[in-house]
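Asks: Count along the sequence shown from 1, add 22, and you get the number used in my numbering. Beta carbons: idealized from backbone N, C-alpha and C, even for Gly.
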Amino acid sequence: FGSSFGSSLYFMGKCKRHKIHLAIALTFVAFDLFAMKSLDSLRASGLAAVTAQPVLLGHSVPRHALAAKADGLGERRVGGPVKAFQPWTVLQYVDIRVGIIKAAALPEEMQAKYRKISAPVYAIWSDFGAIEHWPHEGDWGASSNLITAAKLRSYYDQESLISGSFDMVGLVNAGVKQIGKLCTYYLLMGAYTDDHPTEHNVARARPAAPVQKGCRLTILSLKTDCSRYEATPLPGTALRQTLNFQADFAEKIDARVGMITRVVADHPGAYCIEVNFGEGLHLQSRVPSSLSSSLGCVADIDGILGKTVVGMVNVEATEGNSFLLLGFVDGNGIAVPLTVDVIKEDLPPLGARLL
Numbered sequence: 023f024g025s026s027f028g029s030s031l032y033f034m035g036k037c038k039r040h041k042i043h044l045a046i047a048l049t050f051v052a053f054d055l056f057a058m059k060s061l062d063s064l065r066a067s068g069l070a071a072v073t074a075q076p077v078l079l080g081h082s083v084p085r086h087a088l089a090a091k092a093d094g095l096g097e098r099r100v101g102g103p104v105k106a107f108q109p110w111t112v113l114q115y116v117d118i119r120v121g122i123i124k125a126a127a128l129p130e131e132m133q134a135k136y137r138k139i140s141a142p143v144y145a146i147w148s149d150f151g152a153i154e155h156w157p158h159e160g161d162w163g164a165s166s167n168l169i170t171a172a173k174l175r176s177y178y179d180q181e182s183l184i185s186g187s188f189d190m191v192g193l194v195n196a197g198v199k200q201i202g203k204l205c206t207y208y209l210l211m212g213a214y215t216d217d218h219p220t221e222h223n224v225a226r227a228r229p230a231a232p233v234q235k236g237c238r239l240t241i242l243s244l245k246t247d248c249s250r251y252e253a254t255p256l257p258g259t260a261l262r263q264t265l266n267f268q269a270d271f272a273e274k275i276d277a278r279v280g281m282i283t284r285v286v287a288d289h290p291g292a293y294c295i296e297v298n299f300g301e302g303l304h305l306q307s308r309v310p311s312s313l314s315s316s317l318g319c320v321a322d323i324d325g326i327l328g329k330t331v332v333g334m335v336n337v338e339a340t341e342g343n344s345f346l347l348l349g350f351v352d353g354n355g356i357a358v359p360l361t362v363d364v365i366k367e368d369l370p371p372l373g374a375r376l377l
C-alpha cells in the first residue's frame with residue numbers, strides 16, 4: 023500500500039508541473055487513503071467474510087484470470103492455470119469409491135501375455151465390497167476383486183501394498199480400459215509429485231481416516247444454511263452412469279492437493295476453513311465440524327491446521343464457497359476428507375492435481 027500512496031504523491035508533483043488543478047491530484051490521494059482503510063477493514067474481518075460471499079484471499083490476479091485458456095499449453099501435473107469454471111453438479115457424474123488393495127504384481131510376474139506391458143506399473147487387485155447391479159463379470163471384474171494397472175512404483179513396494187490394510191480410492195465408472203493385453207476396471211487415484219514429463223511419481227489418494235469399503239466420494243462443503251449439496255451416499259449403491267473420462271473428468275474437474283491454513287467456528291456444527299492450494303491460490307469453504315474428529319483433533323479445532331486435503335478449485339462460486347472440499351461420510355455421519363500420502367515434507371507439493 024505504501025508504494026500506491028507514494029505513486030499518488032508523485033502524481034501530485036506531475037500535476038503541478040503540468041499546471042493541472044491541485045484538487046484533482048488530491049482526489050487521487052484521498053482515494054488511496056480510502057482504499058487503504060477499506061482493505062484494512064477487510065483484513066480485520068478475517069475469514070468470517072466467507073459467510074456472506076466467496077472471498078478469495080491470496081490471489082495476485084482476478085479470479086477470472088486464473089481460468090485456463092485453450093492456448094495449446096500442455097497439461098500441468100502440479101499447479102498451473104485453473105481449469106474452466108464448472109457448476110458443482112459436474113461431480114455428480116463421478117463415482118469414486120474406497121477400496122482395499124488385496125494383491126499387487128509386476129507385469130513380468132504375470133502370465134506371458136501381460137509381460138510386454140512396458141509402463142512402470144503394478145497390476146493391483148482391490149476389494150470395493152458388494153455394489154448393487156455391478157455390470158462386470160469374471161474373476162478380475164468382480165467388485166470384490168477388481169484389477170487395474172497403477173503407477174505407484176516410485177514410492178510403494180509390493181510388500182506394503184499387499185498388507186491387507188492398504189486403502190485407496192478408485193474411479194469405478196470410467197468403463198473398461200485396455201493396457202496392452204490387460205483389461206482394467208477402475209482407475210486408482212493419486213497425485214503426481216512433480217511436473218516431470220516422463221517420470222511417474224504418484225502419491226496414493228485415500229480417506230484421511232478409515233471408512234467402510236465401497237463408500238463413495240461426496241462433497242463435504244456445506245451450503246450457506248449448513249445443509250449438504252447432495253444426499254449422503256450409502257456404501258454399495260449402484261454405480262453412476264459410465265462417464266467419458268476425458269470429457270467428464272479430465273477436462274471439467276480440477277481437484278488439487280491443499281493445506282488447511284485457517285479455521286473459524288462460525289456456526290454450530292460448521293467451520294469455515296481456508297486452504298492453500300499453492301501458487302497464491304487461497305480458497306475458502308464451510309465444512310462440517312465433525313471434520314476435526316476424523317482428523318484426530320476433537321478437543322482443539324486449531325489441530326486441523328496443516329492437514330492435507332483435496333478440493334475442487336474450479337467450481338463456480340456457490341453458497342459462499344470458493345472451493346469444494348471432497349471426502350466421505352462414515353457410518354457415524356463423520357465427515358472424512360480425501361487426502362494423499364505425504365511422502366516427505368512438501369511432497370506432493372501444494373497444487374498437485376488429482377488424477
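Which two residues bound the contiguous alpha helix (DSSP H) that contains S148?
Replies: It is not in any alpha helix (DSSP H) - S148 instead sits in the beta strand (DSSP E) that spans 144-149.
Asks: Using the Cα positions of W156 and L256, report the straight-line distance between them to the nearest angstrom.
Replies: Cα to Cα, the separation comes out at about 15 Å.
Asks: Can you list, in chain order, the residues of its chain with a C-beta nearer than 7 Å to that of D149? Leave out the 5 residues immediately preceding and following it.
Replies: Answer for D149: G121, I122, K124, S166, N167, K235, listed in chain order.
Asks: Give me the residue from R137, S314, V233 with the minimum Cα distance to S187.
Replies: That would be V233, whose Cα lies nearest to the Cα of S187.
Asks: For a test of the three-state rule: what should DSSP assign to E181, helix, strand or coil?
Replies: Of the three classes helix, strand and coil, the one that applies to E181 here is helix, per DSSP.
Asks: Which residue from K203, C294, V358, L377 puts its Cα closest to that of F267?
Replies: Comparing Cα positions, the closest option is L377.
Asks: As a quick exercise: from G291, G160, T283, L204, pick the residue whose alpha carbon is nearest that of G325.
Replies: Comparing Cα-Cα distances from G325 to each of G291, G160, T283, L204, the minimum goes to T283.
Asks: Helix, strand or coil: how does DSSP classify S307 here?
Replies: Note: S307 maps to strand in three-state DSSP.
Asks: With three or more beta-carbon pairs closer than 8 Å as the criterion, would you say the stretch 236-245 touches the stretch 349-361?
Replies: Verdict: yes, contact present.
Asks: Considering only the alpha carbon of each residue, which of Y144, R250, V364, G318 lies closest to G291?
Replies: Selected option, being the one with the closest Cα: R250.
Asks: According to DSSP, simplified to helix, strand and coil, what is V112?
Replies: V112: helix per DSSP, three-state reduction.
Asks: Does the beta-carbon of P109 have 16 or more other beta-carbons within 10 angstroms, so that it is buried, or is it exposed?
Replies: The residue in question, P109, is exposed, as its Cβ has fewer than 16 Cβ neighbours within 10 Å.
Asks: Starting from L313, follow the alpha helix (DSSP H) in both directions and report where the run begins and ends.
Replies: Segment 313-316, the alpha helix (DSSP H) holding L313.
Asks: Among residues of its own chain, excluding the 5 on either side of E409, which ones have a beta-carbon nearer than 7 Å to its beta-carbon?
Replies: No answer is possible for residue 409: it lies beyond the span of the chain, which begins at 23 and ends at 377.
Asks: Which residue marks the beginning of the beta strand (DSSP E) containing M281, and which one marks its end?
Replies: Its beta strand (DSSP E) spans residues 277-289.
Asks: Just to confirm my understanding: we take A87, look at its own chain, exclude 5 residues before and 5 after, and list those with CB closer than 8 Å. What are they?
Replies: For A87, the predicted structure reports a pLDDT of 46, less than 50, and the residue's modelled location is therefore unreliable. The matter cannot be settled from this model.
Asks: Considering G212, what are the terminal residues of the beta strand (DSSP E) in which it resides?
Replies: G212 -> beta strand (DSSP E) spans 212-214.
Asks: Grab me the residues of T330's own chain with a C-beta within less than 7 Å of its C-beta, minus the 5 sequence neighbours each way, in chain order.
Replies: So the list reads V279, M281, T361, V362, V364, once near-sequence residues are dropped.
Asks: Output needed for W147: all residues of its chain with C-beta closer than 6 Å, excluding positions within five of it in sequence on either side, in chain order.
Replies: Counting only Cβ-Cβ distances below 6 Å, and skipping sequence neighbours, we find K124, A125, N167, I169.
Asks: Taking Cβ positions, are R98 and Y214 nearer each other than 7 Å?
Replies: Going by C-beta atoms, R98 is not nearer than 7 Å to Y214.
Asks: If you count every other CB in all the chains shown that lies within 10 Å of the CB of T206, and 16 or more means buried, which is it?
Replies: Flag for T206 reads buried.
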